[in-house]
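Q: If you scroll down you'll find the structure; I have some questions about it.
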């Protein structure tokens, strides 16, 4: 199990981590080695035996540093029996890998809010329905706000979209 005891520093001034738990999702970070990957596989088997729960491997993915060669990536994927994410997938509506520019992230949040509003007509909503819709819309950027500092201009844009609708 020592293969999973290492922590990783992704950027200076950020805490070192080895895993991240959120709701019913788990992110595990490890070296791109057969030993660490086998350890993850064995730990998941122990989890299944101990708790009687099963990890859905069809929904599980592997993200590997671009510094790891293709042969090693394939080997690691075979050990743990998951697919490698080849492009920027999303987790809770956010890209799993975000660069310096947050434009794509911000635009996707705006689009999501706009699409939810577009499916409704403010004239057909009861007062309770309008309150419920406002709550749902205000919750959309919550996870993003826990990960990134969103620009004031973006928050103003979201507020304007909702004010214009209601």
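Residue numbers (my numbering): 1 to 166.
Backbone N, C-alpha and C define an ideal beta-carbon position, used for all residues, glycine too.
This structure is a prediction, so every number in the text was calculated from the model and none was measured.
1. Can you find at least 3 beta carbon pairs, one from the stretch 78-87 and one from the stretch 53-68, that sit closer than 8 Å?
2. Do residue 36 and residue 65 have their C-beta atoms closer together than 8 Å?
3. Under three-state DSSP, which class holds residue 90?
4. Go to residue 25, then tell me how far its beta strand (DSSP E) extends in each direction, as first and last residue.
5. Which residues mark the beginning and the end of the alpha helix (DSSP H) in which residue 116 is found?
6. Which one of 104, 136, 110 and 43 has the shortest CA to CA distance from residue 160?
7. On the DSSP letters alone, give me the boundaries of the alpha helix (DSSP H) that residue 160 sits inside.
A: Reading from the atomic positions:
1. yes
2. On the chain shown, residue 36 is found 36 positions in, with the first residue counted as 1. On the chain shown, residue 65 is found 65 positions in, with the first residue counted as 1. No; because the gap between Cβ atoms is not below 8 Å, this pair is not in contact.
3. Against the chain shown, residue 90 aligns to sequence position 90. Correct three-state label for residue 90: strand.
4. To locate residue 25, count along the chain shown from 1; it is residue 25. Start and end: 25-28.
5. Your numbering for residue 116 matches position 116 in the chain shown. Unbroken alpha helix (DSSP H) run through residue 116: 103-118.
6. Within the chain shown, the letter at position 160 stands for residue 160. For residue 160, the nearest C-alpha among the options comes from 110.
7. Within the chain shown, residue 160 is the residue found at index 160, counting from 1. Per DSSP, residue 160 belongs to the alpha helix (DSSP H) from 152-165.
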